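Protein chains: 2
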Amino acid sequence: MENIKNKKILIVDDEPEIRKMIEGFLRKEGFFRIYLAANCEETLKICHSIKPQIAILDVMLPDGDGFTLLSSIRQFSQMPIFFLTAKGEDQDRLLGLGLGADDYIVKPFLPRELILRLTAILKRVYTTTVTQQLPVFMVEGCTIDLESAVVRSNRGEQPLTAKEHALLLKLYENRGRIVTSDALCEAVWGGDYYGYENSLMVHIRRIREKIEMNPSKPKSLLTVRGLGYKLMVKKE
Amino acid sequence: MENIKNKKILIVDDEPEIRKMIEGFLRKEGFFRIYLAANCEETLKICHSIKPQIAILDVMLPDGDGFTLLSSIRQFSQMPIFFLTAKGEDQDRLLGLGLGADDYIVKPFLPRELILRLTAILKRVYTTTVTQQLPVFMVEGCTIDLESAVVRSNRGEQPLTAKEHALLLKLYENRGRIVTSDALCEAVWGGDYYGYENSLMVHIRRIREKIEMNPSKPKSLLTVRGLGYKLMVKKE
DNA sequence: CATAAATTTAAGGTTACCGTAAGGTTCGCT
DNA sequence: AGCGAACCTTACGGTAACCTTAAATTTATG
Numbered sequence: 540m541e542n543i544k545n546k547k548i549l550i551v552d553d554e555p556e557i558r559k560m561i562e563g564f565l566r567k568e569g570f571f572r573i574y575l576a577a578n579c580e581e582t583l584k585i586c587h588s589i590k591p592q593i594a595i596l597d598v599m600l601p602d603g604d605g606f607t608l609l610s611s612i613r614q615f616s617q618m619p620i621f622f623l624t625a626k627g628e629d630q631d632r633l634l635g636l637g638l639g640a641d642d643y644i645v646k647p648f649l650p651r652e653l654i655l656r657l658t659a660i661l662k663r664v665y666t667t668t669v670t671q672q673l674p675v676f677m678v679e680g681c682t683i684d685l686e687s688a689v690v691r692s693n694r695g696e697q698p699l700t701a702k703e704h705a706l707l708l709k710l711y712e713n714r715g716r717i718v719t720s721d722a723l724c725e726a727v728w729g730g731d732y733y734g735y736e737n738s739l740m741v742h743i744r745r746i747r748e749k750i751e752m753n754p755s756k757p758k759s760l761l762t763v764r765g766l767g768y769k770l771m772v773k774k775e
Numbered sequence: 540m541e542n543i544k545n546k547k548i549l550i551v552d553d554e555p556e557i558r559k560m561i562e563g564f565l566r567k568e569g570f571f572r573i574y575l576a577a578n579c580e581e582t583l584k585i586c587h588s589i590k591p592q593i594a595i596l597d598v599m600l601p602d603g604d605g606f607t608l609l610s611s612i613r614q615f616s617q618m619p620i621f622f623l624t625a626k627g628e629d630q631d632r633l634l635g636l637g638l639g640a641d642d643y644i645v646k647p648f649l650p651r652e653l654i655l656r657l658t659a660i661l662k663r664v665y666t667t668t669v670t671q672q673l674p675v676f677m678v679e680g681c682t683i684d685l686e687s688a689v690v691r692s693n694r695g696e697q698p699l700t701a702k703e704h705a706l707l708l709k710l711y712e713n714r715g716r717i718v719t720s721d722a723l724c725e726a727v728w729g730g731d732y733y734g735y736e737n738s739l740m741v742h743i744r745r746i747r748e749k750i751e752m753n754p755s756k757p758k759s760l761l762t763v764r765g766l767g768y769k770l771m772v773k774k775e
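In order, the protein sequence lines correspond to chains X and Z.
Going by the working numbering, the first sequence wraps up at 775, each residue one higher than the last.
Going by the working numbering, the second sequence wraps up at 775, each residue one higher than the last.
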């Protein structure tokens, strides 16, 4: 999943030489799941059955143009689309209407250029999506899952509200360290946090009721009188 | 978590297709907290309630233009703003006013371009880790951690109070040098510290009870009779 | 538009920290 | 040694900072 080289790539062009040429370059680069189509009909069929991770579309096709094809694809998929266009061909339209394209390149082009842009898209779309996650961590007696915004402990699973989530995130980013009340307010209410000090306390209390055995004798979310609060997490 | 992908993004455009399109691309990139608005009114409401970390504003809106909207937002927030503008539209004004927009792009545009610029802004603005950097250092026999306001030694961990914390910070900033009682009082009580000399002594005593083996024969926090106090730290 | 959930406001209670004071000790000078 | 000044040490009461609960208000949801 992490490796972009095993992503499925669909190449759509009505000229067999062009298809072959692009396929060749991609294989040389290490891509191996390559599918070919010569027209819109085939393209849609393949997109439905194979579900490639990216498609390279020629703008001119025997049974329709790339823009209409793109709209059709967009009906059921958000997959990235890369356009091939001939010089002087309706580039305004490509940009204006076809705002759903991720990138395009003008024929003739350098293979290197195509590869670079293609892998750039794949990297952006498929590596970051997987990596981006909110922290899931443990404190004394329970697990705090900010990804799904729940607290799991032996007495079951409890959901976190938006503010609780934001507070815990800020506290976790500074785990083990003191976070001033000001910093916490800022994290939740933004720049103008004057007057929210009491709200903060109530939210802290709510969090404690969810993560602490005894909310009045906290072991994980500690008060540091005069300075702020501190979240103690387990090892890691 | 310094992850840019979990920043909240607001998209403002009156054309639903454009909104959907941008949203689609952002989601593909891994952004997931995306909010939409079609006019100024909605925008202000969302900015107040959701507090997004960045907004993408179309310059032309049904109930006002982007510039006025920007000024309204600037009344209460310094969040970065990204403008979408149609070709030939008021670009002089956009540039001339200088008005606090972080960047803009001319429609039609490639999503790639938008994504790149947007992430550039987010990185620039939000990776500046405001992680407060307080000293953690060692003295004879224990570690003083001002980040979490605790003293660790072989007899366990002891918390520091607010005043103790402030005093130790001032002393550490002048480690190895004499700090006058006046300077210490100033650091803790601010401008008018007259009458707190005895309090200072008591606090010094309490610190010594936490960091010294024998508080009455201090080795780290030394008295310099007639001048003040001096904190001796281990090399570093 | 009604209902539930989340958030804020408000008010009374609790406690840990801080300042004061009072008596003791050490230092430095004559 | 004797004396005063500077500093130490201990304990206690007041109070600001924080807790806790419930009710009021806002926001989300069907």
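For each residue, glycine too, the CB sits at the ideal point set by N, CA and C.
Small disclaimer: the values here were computed from a predicted structure and weren't measured.
**Request:** Along the beta strand (DSSP E) that carries R716 (chain Z), what are the first and last residues, could you check?
**Result:** It is not in any beta strand (DSSP E) - R716 (chain Z) carries neither H nor E in the DSSP assignment.
**Prompt:** Rounded to a whole number of angstroms, what is the C-alpha to C-alpha distance between R566 (chain Z) and S692 (chain X)?
**Reply:** 32 Å
**Request:** Could you check which residue in X:L673, X:L583 and X:E751 has the C-alpha nearest to that of P591 (chain X)?
**Result:** X:L583
**Message:** Please state whether the Cβ-Cβ distance between K773 (chain Z) and I717 (chain Z) is less than 8 Å.
**Reply:** no
**Prompt:** So what does DSSP say about G637 (chain X), is it helix, strand or coil?
**Reply:** Confidence in G637 (chain X) is poor, its pLDDT being 49 and thus under 50, which makes the residue's placement unreliable; the coordinate value appears in the next sentence. Note: G637 (chain X) maps to coil in three-state DSSP.
**Asked** Does the Cβ-Cβ distance between K709 (chain X) and L723 (chain X) come in under 8 Å?
**Response** yes
**Prompt:** Between the stretch 569-588 of chain X and the stretch 547-558 of chain X, do three or more beta carbon pairs fall short of 8 Å?
**Reply:** yes
**Message:** Please give the ranges of any beta strand (DSSP E) in the stretch 652-685 of chain X, keeping only runs that are unbroken, at least 3 residues long and fully inside the region.
**Reply:** 675-678 and 681-684
**Nearest-angstrom Cβ-Cβ length linking A705 (chain X) and V727 (chain X), presumed shorter than 8 Å** = 5 Å
**Request:** For S759 (chain Z), count neighbouring Cβ atoms within 10 angstroms of its own Cβ and tell me buried if that reaches 16, exposed if not.
**Result:** buried
**Prompt:** Name the chain Z residues whose beta carbon is nearer than 8 Å to that of L770 (chain X)?
**Reply:** Those do not exist, as L770 (chain X) stays about 10 Å from chain Z at its closest Cβ, beyond 8 Å.
**Item:** Pairwise C-alpha distance: I660 (chain X) and I557 (chain X)
**Value:** 21 Å
**Request:** Tell me T607 (chain X)'s beta-bridge partners as DSSP assigns them.
**Result:** The partner list for T607 (chain X) (beta bridge, DSSP) is empty, contrary to what the question assumes.
**Message:** For D553 (chain X), which residues in the same chain have their Cβ closer than 7 Å to its Cβ, ignoring the five residues on either side in sequence?
**Reply:** A577, N578, D597, L600 and P601
**Request:** Kindly indicate if chain X contains any beta-carbon less than 8 Å away from that of D553 (chain Z).
**Result:** no
**Asked** Name the chain Z residues whose beta carbon is nearer than 8 Å to that of V690 (chain X)?
**Response** None at all; the shortest Cβ gap to chain Z is about 18 Å.
**Prompt:** CB of V675 (chain Z) to nearest heavy atom of the ligand MG: below 7 Å?
**Reply:** Absence of the ligand MG from the depicted structure is noted, as is the absence of any ligand whatsoever, leaving it without description.
**Request:** Anything in chain Z within Cβ reach of D731 (chain X), meaning under 7 Å, just list it in chain order.
**Result:** F615
**Asked** Do you know offhand how far K646 (chain X)'s Cα is from I561 (chain X)'s?
**Response** 12 Å
**Nearest residue (CA-CA) to D784 (chain Z), options Z:F648, Z:P650, Z:F606 and Z:R651** = Residue numbering for chain Z in the displayed model covers 540 to 775; residue 784 (chain Z) lies beyond these limits and cannot be assessed.
**Asked** Within 8 Å (strictly less), CB to CB, does K749 (chain Z) reach chain X?
**Response** no
**Span of the alpha helix (DSSP H), counted from its first residue to its last, around I750 (chain Z)** = E736 to I750
**Request:** Could you check how far apart the C-beta atoms of R663 (chain X) and I644 (chain X) are, in whole angstroms? I think they sit under 8 Å.
**Result:** About 17 Å; that fails the 8 Å criterion.
**Request:** Could you check what DSSP says for V502 (chain Z) in three-state terms: helix, strand or coil?
**Result:** Outside the shown range of chain Z, which is 540 to 775, sits residue 502 (chain Z), and nothing can be said about it.
**Asked** According to a CB-to-CB cut-off of less than 9 Å, which residues of the stretch 589-615 of chain X neighbour chain Z?
**Response** R613
**Request:** Indicate the three-state DSSP secondary structure (helix, strand or coil) for I612 (chain X) in the structure shown.
**Result:** helix
**Prompt:** Buried or exposed: G637 (chain X), going by 16 or more other Cβ atoms within 10 Å of its Cβ?
**Reply:** For G637 (chain X), the pLDDT reaches just 49, beneath the cut-off of 50, and the residue's location in the model is therefore unreliable, although a value from the coordinates is still provided. Classification of G637 (chain X): buried, given that the 10 Å Cβ count is 16 or more.
**Asked** Interface residues of chain X around K567 (chain Z) at Cβ under 7 Å?
**Response** Q617, P619 and V664
**Request:** Kindly indicate if chain Z contains any beta-carbon less than 8 Å away from that of R716 (chain X).
**Result:** yes
**Item:** Cross-strand partners of Y768 (chain Z) (DSSP beta bridge)
**Value:** Z:V718 and Z:T762
**Message:** Could you compute how far the alpha carbon of F621 (chain X) sits from the alpha carbon of V675 (chain Z)?
**Reply:** 52 Å
**Asked** So, is the C-beta of R745 (chain Z) closer than 8 Å to a C-beta in chain X?
**Response** no
**Proximal residues of chain Z, C-beta to C-beta of L766 (chain X) below 9 Å** = A688, L699, T700, A701 and H704
**4-residue-minimum alpha helix (DSSP H) runs that sit fully inside the stretch 555-592 of chain X, ordered along the chain** = 555-568 and 579-588
**Item:** Three-state class that DSSP yields for K626 (chain X) in the structure shown
**Value:** coil
**Request:** Would you mind reading off the limits of the beta strand (DSSP E) that contains V645 (chain X)?
**Result:** D642 to K646
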